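There are 2 protein chains.
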Amino acid sequence: MKAPVPVRRRRTAEEARHEILAAAQRRLADGGPEAVRLQDIARDCGIAHPTILHHFHSREGLLVALARSAATALNDDILRAVTAPQPGTAAVLDRIFETLGESGHARLLAWTAMTARAPRGDEPASLRLLADAVQRRLAADAAAAGRAAPARERIGFAVRLVAAAMLGDALMGDVLNRLSGHADGAAHQRRFRRWLAGELEAMFGHGPEAGPRAGARPAPRRRARKG
Amino acid sequence: MKAPVPVRRRRTAEEARHEILAAAQRRLADGGPEAVRLQDIARDCGIAHPTILHHFHSREGLLVALARSAATALNDDILRAVTAPQPGTAAVLDRIFETLGESGHARLLAWTAMTARAPRGDEPASLRLLADAVQRRLAADAAAAGRAAPARERIGFAVRLVAAAMLGDALMGDVLNRLSGHADGAAHQRRFRRWLAGELEAMFGHGPEAGPRAGARPAPRRRARKG
DNA sequence: TGGAGTACCTACAGCCATGTCAGTAGTCGA
DNA sequence: TCGACTACTGACATGGCTGTAGGTACTCCA
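In order, the protein sequences belong to chains B and E.
Residues in the first sequence are numbered from 520 upward in steps of one, following my numbering.
Residues in the second sequence are numbered from 520 upward in steps of one, following my numbering.
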């Protein structure tokens, strides 16, 4: 009845490490930090737990690797979300939020921060790169519209604001929803992101009316100014 | 040499529970969730670990109590920060950030969210109350200045934005600093809060010039408008 | 002042997660 | 096809953490 599953499946070391990390990430994301147990991860991967130790030397080694992989994965995701072909601000926020929330990156990052297992600052300063990208785009748009480009520092702060807010929201969105008295969390969070997108565009003289008012309108169509 | 420390110190049950929770909170705040061990907490309190079990029945019981106490403590802190006698926006942000960061409430809350040990929604919707308070103040200020009061929904969103951002910053500020390429984290975070305060005041037509520009000025003196 | 109640203790039991060891079985090159 | 290499395994050792049992001492009240 049961298919003759090969008793052993042999992977390359890299494959094995990757599978194990993925399983560990899943465990961490939806079970909290205490759920990262070698035996469970091993079961998820269909291997014996000493194999994990073989590849990562110790549980601590696995956790460090996990933190590193989380950081780089997050970097990649963020950069991809921004480098993507000219989406609206709201779309960017949605995409970042999804990445952070659904793939558990926010949790990974939070856990990383909480346990002080942060990788040695050898990762690229991705938020700075991100701010650079945003600045370039805003400067181009401003030039096209005959306005002055926003100051660099404000852009940096805004990026940080969005990063912190999206992280906080991805991580503790449901708590915030409860504290706000909102029953339907997801919908409210979406409207919140729409609103934030509008405010950001207004903040940088980029919105449909270039005024400070944006309200909770559906995502403003900023492409109109260019077409 | 060693002072004749009383071998046993007898507390009321409430005192004991309180001490234990405080110690547990400290452990959690600066050691991560895996650092909440009965034996360590007991040592911190100068008691034997079965005493903790006597008061909380099990480790899980302690954790649940911890989550509850964290939620109410955070509520209290937030409300106190806002109910306080008319501080500037920047001061409020600083105070909330401190509460969140230094007393480890952000970490407690994050852990609560991560392990899905959230207390049953019986806590007051403190963010809603907070938004109410902010709305009252803004309405009064607007009336005094002969302006229209900001819409309720925008205030709610702004409160949520600030909450998420302050949580994210308190929890993962150093990570954000590294990703932004800022070496001196604390100073940058402070300037960031100043900037955010300015933007918020501008956003609600409340700043010194009521314009969208606020930059990184030192906290605007909005009391001038009233004196 | 004696007894009930309970905060607190020491000692111990059991469990479970990490880590070790010695061996097995795929893979690859000579 | 042989040998080296290594991914992988089952069985076991170990340590530490939670939880139990039974006793001790403090407090309060009749």
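Glycine is no exception: its CB is placed at the ideal position from the N, C-alpha and C atoms.
Only a predicted model underlies this, so the values are computations on that prediction, with no experimental measurement involved.
Distance from the CA atom of Gln654(E) to the CA atom of Arg666(E), rounded to whole angstroms, is 14 angstroms. The three-state secondary structure of His576(E), taken from DSSP, is coil. One thing to note: Leu649(E) has its Cβ within 7 angstroms of the Cβ of Val601(E).
With 16 or more neighbouring CB atoms inside 10 Å of its own CB, Gly724(B) falls in the buried class.
Contact between His568(E) and Leu557(E) holds: their C-beta atoms lie close to 4 angstroms from each other, under 8 angstroms.
Comparing alpha carbon positions, the residue from Phe676(E), Arg578(E) and Asp549(E) closest to Arg626(E) is Asp549(E).
Apart from the 5 residues on each side of it in sequence, Pro643(E) sits with its Cβ closer than 8 angstroms to the Cβ of Asn594 in its chain, given in chain order.
Only those residues of the segment 698–711 of chain B whose C-beta falls short of 7 angstroms from the nearest C-beta of chain E are listed: Leu698, Ser699, Gly700 and Phe711. Neighbourhood of Leu690(E) in chain B, by CB distance below 8 angstroms: Ala629, Ala632, Met633, Leu686, Gly687 and Leu690, in chain order. For the options Asp703(B), Ile566(B), Leu690(B) and Ala677(B), the alpha carbon positioned closest to that of Ala716(B) is the one of Ala677(B). For the pair Ile615(E) and Met685(E), the CB atoms are nearer than the 7 angstroms cut-off. The criterion of a C-beta distance shorter than 7 angstroms is not satisfied by Ala543(B) and Leu572(B).
The beta carbon of Arg709(E) is closer than 8 angstroms to those of Asp613 in its chain, skipping five residues each way along the sequence.
Taking 7 angstroms as the threshold, the shortest C-beta distance from Pro669(E) to chain B does not fall below it. By alpha-carbon distance to Ala541(E), the top candidate from Arg527(E), Thr531(E) and Leu581(E) is Leu581(E). The way I'd put it, the segment 627–636 of chain E does touch the segment 687–698 of chain B; three or more beta-carbon pairs between them come closer than 8 angstroms.
Taking 4 residues as the minimum length, the alpha helix (DSSP H) runs contained wholly in the segment 613–649 of chain E are 624–633, in order along the chain.
Per DSSP, Asp703(E) lies in no alpha helix (DSSP H) and is assigned neither H nor E.
Per DSSP, the unbroken alpha helix (DSSP H) holding Glu538(E) starts and ends at Ala532 to Ala548. Contacts between Ser645(B) and chain E, judged by CB atoms closer than 8 angstroms, involve Leu698 in chain order. Contacts between Ala682(E) and chain B, judged by CB atoms closer than 8 angstroms, involve Gly687, Leu695 and Leu698 in chain order.
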